[in-house]
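For the sequence shown, this note's numbering gives the first residue as 288, with consecutive numbering after it.
In what follows, a structure is listed as structure tokens, so that the remarks can point back to it.
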Amino acid sequence: MELTSPTPAAAATRGPIVRGAAALATLPAIEPRTARLARLVADERIAAWLQIKLGINALSVEAGERTRFADPGWIDLSHGFAHASVAIDLAHYPALASVAVDTASRDAMPTGVAQNAVEPMRDGDTALRNAVAAILLAPLVEHCATLGLADIRVLGVRRARVPADPRTAFAVAFRHGQRHIECLLGRLDDGCVEALSACVARQQIPYARHVSTISVPGRLLAGTRTYRIDALRSLRPGDVLLRAVDAGLAACMDASSQPADLRAIWGIPGAFQLAADVRIEGCTMTFQGTPTMTYETEDHETPVNSEEPLDIGELNLPVKFELDTVPMPVVQLSALRAGYVVELPVPVADARIRLTSYGQTIGLGELVTVGEQLGVRIVQMSHGNVSVQ
Numbered sequence: 288m289e290l291t292s293p294t295p296a297a298a299a300t301r302g303p304i305v306r307g308a309a310a311l312a313t314l315p316a317i318e319p320r321t322a323r324l325a326r327l328v329a330d331e332r333i334a335a336w337l338q339i340k341l342g343i344n345a346l347s348v349e350a351g352e353r354t355r356f357a358d359p360g361w362i363d364l365s366h367g368f369a370h371a372s373v374a375i376d377l378a379h380y381p382a383l384a385s386v387a388v389d390t391a392s393r394d395a396m397p398t399g400v401a402q403n404a405v406e407p408m409r410d411g412d413t414a415l416r417n418a419v420a421a422i423l424l425a426p427l428v429e430h431c432a433t434l435g436l437a438d439i440r441v442l443g444v445r446r447a448r449v450p451a452d453p454r455t456a457f458a459v460a461f462r463h464g465q466r467h468i469e470c471l472l473g474r475l476d477d478g479c480v481e482a483l484s485a486c487v488a489r490q491q492i493p494y495a496r497h498v499s500t501i502s503v504p505g506r507l508l509a510g511t512r513t514y515r516i517d518a519l520r521s522l523r524p525g526d527v528l529l530r531a532v533d534a535g536l537a538a539c540m541d542a543s544s545q546p547a548d549l550r551a552i553w554g555i556p557g558a559f560q561l562a563a564d565v566r567i568e569g570c571t572m573t574f575q576g577t578p579t580m581t582y583e584t585e586d587h588e589t590p591v592n593s594e595e596p597l598d599i600g601e602l603n604l605p606v607k608f609e610l611d612t613v614p615m616p617v618v619q620l621s622a623l624r625a626g627y628v629v630e631l632p633v634p635v636a637d638a639r640i641r642l643t644s645y646g647q648t649i650g651l652g653e654l655v656t657v658g659e660q661l662g663v664r665i666v667q668m669s670h671g672n673v674s675v676q
């Protein structure tokens, strides 16, 4: 174990200690609405819900940049005062293509025609096209009502390009009967996302409804090290543990703005837990794979000869460095899969580090950089009379 005390000599030797917020670089911004939508579409209950209600199968959700439409068009919908837009390839829907409003040409002014003469004609043509589009999309409205979204209205169909930023849209593909359908979820207002979330939240197993609401604490495993008990007893606020956390976590503190890959765990130490590999970018945590149940035990060294007297201070104690993450109810944990996005309360660089051993918290710390090295500065330690509590 390497310890550094906050003395002027040590600071001059190793370089200045930089707090996480100052070292955290600007990361790609994701709107809270987009993060909520990503979490929603990655929920496995969505597939079961659509299959039971509408007979939809083979549902897949991917990043928006993988979608290429020959003739992109947008279906504009409303739910109360909220609006939503879904993109389709009009080349596969000739009827909708014939009534789609061309947003590029509608603003063009015919030569030699007065403004006040053009506006009524253009508005009347648009209203007629939107009315026909609503008739053609009546089955879509009926399907939405079957799902519990009874107030959906079709505003119209328009030709427009897909968004340049793939983080603002999600490509959705599924099979309905004998037909394969592809679309792109664009901007959904908060009211639409909340309505969908409410419908999905009701998809619970009846006999487990109460159990499914139990909140399970979660944490991010930042690193694991073994220290002698005497060394842990000597720690005081301000001391810095170097090389205590995984090197991948340094990405959150570096100006390169690279994501950090960590392991997230939900459950109580010493029992079965749910674990998954996640990627941290700013205040978002994205699941890289399907979580699995695991039972982890603490690694510890056994004395070579237990008959010989041994100073308890010389024993090694496994210490885990953990960051508290978002607690989740059981029903939400059961729906986690790759692509699920969770919003973190604070960036990893600003999060409080917990030092734990055998499920017990023995100290608190914070991430700092000492020169080019990443470390944990002790904020508080809890010591007992004989051993670390």
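Even for Gly, the Cβ is constructed at its ideal location relative to N, Cα and C.
All figures in this text were calculated on a predicted structure; none of them were measured in a lab.
Note down the Cα distance separating residue i from residue j, rounded to an integer number of angstroms.
i           : j           : result
residue 501 : residue 620 : 10 Å
residue 602 : residue 509 : 23 Å
residue 326 : residue 371 : 17 Å
residue 599 : residue 554 : 30 Å
residue 433 : residue 369 : 19 Å
residue 577 : residue 627 : 9 Å
residue 677 : residue 456 : Absent from the structure is residue 677, since the part of the chain shown begins at 288 and ends at 676.
residue 261 : residue 560 : Only positions 288 to 676 of the chain appear in the structure, and residue 261 is not among them; the question remains open.
residue 548 : residue 430 : 40 Å
residue 622 : residue 438 : 27 Å
residue 582 : residue 556 : 9 Å
residue 654 : residue 534 : 12 Å
residue 318 : residue 604 : 42 Å
residue 397 : residue 468 : Caution applies to residue 397, whose pLDDT of 45 falls short of 50 and renders its modelled position unreliable; the value that the coordinates give is listed next. Roughly 38 Å separates the two Cα atoms.
residue 483 : residue 375 : 20 Å
residue 545 : residue 539 : 7 Å
residue 686 : residue 331 : Absent from the model: residue 686. The displayed extent of the chain is 288 to 676, so no value can be given.
residue 418 : residue 425 : 11 Å
residue 610 : residue 631 : 11 Å
residue 322 : residue 606 : 33 Å
residue 473 : residue 526 : 49 Å
residue 616 : residue 381 : 45 Å
residue 565 : residue 669 : 30 Å
Since residue i contacts residue j with CB under 8 Å, what's their CB separation in whole angstroms?
i           : j           : result
residue 471 : residue 649 : Incorrect: roughly 50 Å between the Cβ atoms, too far for contact.
residue 635 : residue 567 : 5 Å
residue 386 : residue 499 : That pair is no contact at about 45 Å.
residue 462 : residue 335 : Actually they are not in contact, since the Cβ atoms of residue 462 and residue 335 sit about 15 Å apart, beyond 8 Å.
residue 532 : residue 661 : 6 Å
residue 505 : residue 573 : About 15 Å; that fails the 8 Å criterion.
residue 388 : residue 416 : 6 Å
Out of the options, point me to the one whose CA is closest to residue i's CA.
i           : options               : result
residue 614 : 524, 629 and 624      : 629
residue 464 : 355, 341, 516 and 645 : 341
residue 329 : 420, 389 and 349      : 349
residue 443 : 435, 457 and 428      : 428
residue 337 : 412, 381, 367 and 436 : 436
residue 530 : 473, 367 and 658      : 658
residue 390 : 380, 412, 382 and 381 : 412
residue 339 : 526, 565, 606 and 490 : 490
Is residue j closer than 9 Å to residue i when the C-beta atoms are compared?
i           : j           : result
residue 562 : residue 579 : yes
residue 378 : residue 363 : no
residue 528 : residue 522 : yes
residue 446 : residue 361 : yes
residue 480 : residue 333 : no
residue 512 : residue 608 : yes
residue 477 : residue 320 : yes
residue 441 : residue 421 : yes
residue 633 : residue 652 : no
residue 347 : residue 459 : yes
residue 507 : residue 550 : yes
residue 324 : residue 475 : yes
How would you call residue i, buried or exposed, if buried means at least 16 neighbouring beta carbons within 10 angstroms?
i           : result
residue 524 : exposed
residue 401 : Confidence at residue 401 is low in this model, with a pLDDT of 45, below 50, so the placement of that residue is unreliable and no value is reported for it.
residue 571 : buried
residue 656 : buried
residue 643 : buried
residue 664 : buried
residue 569 : buried
residue 367 : exposed
residue 405 : With a pLDDT of 44 at residue 405, under the threshold of 50, the modelled position of this residue cannot be trusted; read the value that follows with caution. Residue 405 is exposed by the Cβ-count criterion.
residue 646 : exposed
Any heavy atom of the ligand HEM closer than 8 Å to the CB of residue i?
i           : result
residue 333 : No copy of the ligand HEM appears in this structure; indeed no ligand is present at all.
Answer yes or no: does any C-beta atom of chain B fall closer than 9 Å to that of residue i?
i           : result
residue 642 : You won't find chain B in this structure, because it holds only one protein chain.
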